[in-house]
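Working notes, beginning with the structure itself.
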Amino acid sequence: MGEVDNDGPIVFDTDFHLNEGMEHLVPYLVDPYKTLYERDYGEEYRDPFPQAGWFAPDRMGKQSPRQVQTREDVSDAMAEFDIDYALIQPSNCMHLGSVHHDEFATALANAYNEWASNEILDSEKGIYGSILVAPQRPETAAAEIRDRKDADEFVSVGIPSGGVHPPLGNRRYHPIYEAAEEAGLPIVMHNAVTTIMTAFPQLFQEFSRNLTCHATLHPMQQMVHLADMIVQGIPVEFPNLKIVMQEAGVGWIPFMMRRLDNEYLNHRSDAPMLEKMPSEYIEDQFYFSSQPFEAVQEQKYVEYVVELVGSDSLMFATDYPHFDFDNTEDVMNRLQRLPEAEREKIAGKTALDVFDIDQHD
Amino acid sequence: MTDASTDDTERGDSSSESTVYHVTSVDDMEEGDRLLVDIDGQSLAIFRGSEEFYAISNYCQHQGGPMCKGRMLNPLDSTKSKDAWELSQDSDVPTVACPWHGWEYELETGEHVAPTKYNLPTYDTIVEDGELYVEV
Numbered sequence: 001m002g003e004v005d006n007d008g009p010i011v012f013d014t015d016f017h018l019n020e021g022m023e024h025l026v027p028y029l030v031d032p033y034k035t036l037y038e039r040d041y042g043e044e045y046r047d048p049f050p051q052a053g054w055f056a057p058d059r060m061g062k063q064s065p066r067q068v069q070t071r072e073d074v075s076d077a078m079a080e081f082d083i084d085y086a087l088i089q090p091s092n093c094m095h096l097g098s099v100h101h102d103e104f105a106t107a108l109a110n111a112y113n114e115w116a117s118n119e120i121l122d123s124e125k126g127i128y129g130s131i132l133v134a135p136q137r138p139e140t141a142a143a144e145i146r147d148r149k150d151a152d153e154f155v156s157v158g159i160p161s162g163g164v165h166p167p168l169g170n171r172r173y174h175p176i177y178e179a180a181e182e183a184g185l186p187i188v189m190h191n192a193v194t195t196i197m198t199a200f201p202q203l204f205q206e207f208s209r210n211l212t213c214h215a216t217l218h219p220m221q222q223m224v225h226l227a228d229m230i231v232q233g234i235p236v237e238f239p240n241l242k243i244v245m246q247e248a249g250v251g252w253i254p255f256m257m258r259r260l261d262n263e264y265l266n267h268r269s270d271a272p273m274l275e276k277m278p279s280e281y282i283e284d285q286f287y288f289s290s291q292p293f294e295a296v297q298e299q300k301y302v303e304y305v306v307e308l309v310g311s312d313s314l315m316f317a318t319d320y321p322h323f324d325f326d327n328t329e330d331v332m333n334r335l336q337r338l339p340e341a342e343r344e345k346i347a348g349k350t351a352l353d354v355f356d357i358d359q360h361d
Numbered sequence: 001m002t003d004a005s006t007d008d009t010e011r012g013d014s015s016s017e018s019t020v021y022h023v024t025s026v027d028d029m030e031e032g033d034r035l036l037v038d039i040d041g042q043s044l045a046i047f048r049g050s051e052e053f054y055a056i057s058n059y060c061q062h063q064g065g066p067m068c069k070g071r072m073l074n075p076l077d078s079t080k081s082k083d084a085w086e087l088s089q090d091s092d093v094p095t096v097a098c099p100w101h102g103w104e105y106e107l108e109t110g111e112h113v114a115p116t117k118y119n120l121p122t123y124d125t126i127v128e129d130g131e132l133y134v135e136v
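If you read the protein sequences in the order shown, they are chains V and W. Per our numbering, the first sequence starts with residue 1, numbered consecutively. Per our numbering, the second sequence starts with residue 1, numbered consecutively.
And the structure:
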């Protein structure tokens, strides 16, 4: 266990990363992959993970994070940030789901686990890890889980969820889940952004059911468009333009306002033209129709979301006659506890204003 | 961290609201150098820019990252061309970026380069007879 601060609560950091390089993994690769890899690349250890080659000004020569590549590095950081326990995750190996050679992907997962087990993890110091598995070969992944399930240092099964194809609900992954359940280990899923080049967004046929598709795609698509329109400066160039987003529910709106602000403070150079924070552009120029108003039975949720989005931005909608339409009376009942002025805005006045319609007599 | 010494008596310009502290000799810092000083338990990061000295709070407004270890930069900007916002680096405003997450502040004003309320406290620096002072 790490340095426990007796004055505060126990701190368990459930996502702490290593900066593993191929120089760490190659010594633990099984043959023939080790021999082949070294034969072709020699000491250069070319990265086998697909690279998007993205351009990120605010990550270039600006931040100075340390590399975490040894057990001592982990312990030092745990002490610096008052962490008692840590669940260690890889970095490069988070792209495992995008590795094109399935058997090599399983060998990489195995090598990572060997390296982590031998050189990084230490249950006595509170340094725990996930059994990394390559989702490309579920049966091999299950064997990897069974081989390591009794090791004290592994407390979960890690699935690099980015680039996984098809999505993780597919039956082909059942061997992984069976092995994890049998071992009593939770599944830990972690994405890697650049894996979108190989498997995101999924195409329609990869969504096994309408529910999966409908529940995720509406807000996901609006999130992408909302972020892209702001980062590309649309509201700066068209300051009088009003933009209405429909059919995605409401809870994602305050989430995205805060997520965009948070990211913008770190990465302003991707959108230096902004004169206000992203959330302010959203408040000033974006409008959202309320349907399907999720959790409409939860009075507190409804009130809180309305408060966070604001009655000047939120507009009632039924979506009638689509299958998931909202009933006017039901939604209005849920808004009853709001101040009358706010309720009237959401019900109709904001829409009259947005669409520039004089209220009829 | 260096303990700065109170120098108000010598300089004779302290007031009830601020005190002048001696930091170091000007010659001890070259352009790009930074110094972490403790003033009455307050941690300040002192930077030497190309033309002047800057003093800011050492703790980033985001999550308390050590500003004294940040890189000195100039903020990137964007210029509207016919069909795109082009990234440009014309600014000569000195900034410092937090080494943890990259929050970037103007050294002179402490303002975050994004239009936000999260600005960093700054302090006046004074150079006199080859000595550097900070007014807190």
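Where is the CB? At the ideal position from N, CA and C, for every residue including glycine.
8 angstroms Cβ cutoff met for residue i and residue j
{"i": "V/G163", "j": "V/H100", "result": "no"}
{"i": "V/R343", "j": "V/L352", "result": "no"}
{"i": "W/W103", "j": "V/N266", "result": "yes"}
{"i": "V/Y281", "j": "V/V354", "result": "no"}
{"i": "V/F16", "j": "V/Q89", "result": "yes"}
{"i": "V/S117", "j": "V/A151", "result": "yes"}
{"i": "W/P115", "j": "W/T95", "result": "no"}
{"i": "W/M72", "j": "W/G110", "result": "no"}
{"i": "V/D324", "j": "V/K345", "result": "no"}
{"i": "V/Q285", "j": "V/L217", "result": "no"}
{"i": "V/S290", "j": "V/V331", "result": "yes"}
Per DSSP, cross-strand counterpart(s) of residue i
{"i": "V/A347", "result": "Answer is none; V/A347 lacks a bridge partner."}
{"i": "V/G162", "result": "According to DSSP, which records beta bridges pairwise, V/G162 is partnered with nothing at all."}
{"i": "V/M315", "result": "V/S289"}
{"i": "V/Q89", "result": "V/H17"}
{"i": "W/D3", "result": "W/D38"}
{"i": "W/F53", "result": "W/R48"}
{"i": "V/I131", "result": "V/V157"}
{"i": "V/V244", "result": "V/Y287"}
{"i": "V/F12", "result": "V/Y85"}
{"i": "W/I126", "result": "W/Y133"}
Nearest neighbour of residue i, chosen from the options [CA to CA]
{"i": "V/L226", "options": "V/R209, V/P239 and V/V244", "result": "V/V244"}
{"i": "V/P219", "options": "V/D312, V/P254 and V/Y112", "result": "V/P254"}
{"i": "V/A105", "options": "V/S117, V/E72, V/Y85 and V/I159", "result": "V/I159"}
{"i": "W/V37", "options": "W/S50, W/E51 and W/H22", "result": "W/H22"}
{"i": "V/T318", "options": "V/Y177, V/M273, V/G249 and V/E103", "result": "V/G249"}
{"i": "V/G310", "options": "V/A143, V/V224, V/G97 and V/S279", "result": "V/S279"}
{"i": "V/D261", "options": "V/T212, V/M277, V/Y85 and V/E178", "result": "V/M277"}
{"i": "V/R59", "options": "W/E128, W/A55, W/G49 and W/H101", "result": "W/H101"}
{"i": "V/M189", "options": "V/P9, V/A56, V/N327 and V/C93", "result": "V/C93"}
Residues near residue i in its chain [Cβ-Cβ closer than 8 angstroms; skip 5 each side]
{"i": "W/G130", "result": "S25, V26 and D27"}
{"i": "V/A183", "result": "I145, R146, K149 and V157"}
{"i": "V/I120", "result": "L18, T70, R71, V74, I88, I127 and G129"}
Residue interval of the alpha helix (DSSP H) (run including residue i)
{"i": "V/Y264", "result": "W252 to N266"}
{"i": "V/I196", "result": "I196 to A199"}
{"i": "V/R71", "result": "R71 to E80"}
{"i": "V/H218", "result": "N210 to V231"}
{"i": "V/E178", "result": "H174 to A183"}
Nonlocal neighbours in the same chain, by C-beta distance under 7 angstroms from residue i, ignoring five residues either side
{"i": "W/G12", "result": "Reliability fails at W/G12, whose pLDDT of 44 lies under 50, so the model's placement of it is uncertain and no value is given."}
{"i": "W/P66", "result": "N58 and P99"}
Residue span of the beta strand (DSSP E) that contains residue i, given as start and end
{"i": "W/D77", "result": "D77 to K80"}
{"i": "V/I120", "result": "V/I120 -> no beta strand (DSSP E), and no H or E assigned at all."}
{"i": "V/E114", "result": "Counting along the chain, V/E114 falls outside any beta strand (DSSP E), though it belongs to the alpha helix (DSSP H) covering D102 to W115."}
{"i": "V/M189", "result": "I187 to H190"}
{"i": "W/Q104", "result": "A quick correction: the sequence has Glu, not Gln, at residue 104 of chain W. E104 to E106 is the extent of the beta strand (DSSP E) around W/E104."}
Close beta carbons around residue i, own chain, < 6 angstroms, minus the five adjacent residues each side
{"i": "W/E10", "result": "Confidence at W/E10 is low in this model, with a pLDDT of 46, below 50, so the placement of that residue should be treated as unreliable; the coordinate-derived value is given next. Cβ neighbours of W/E10 beyond the five flanking positions: none."}
{"i": "V/Y301", "result": "A295"}
heavy atom of the ligand ADP below 7 angstroms from residue i C-beta
{"i": "V/F81", "result": "This structure lacks the ligand ADP; in fact it carries no ligand of any kind."}
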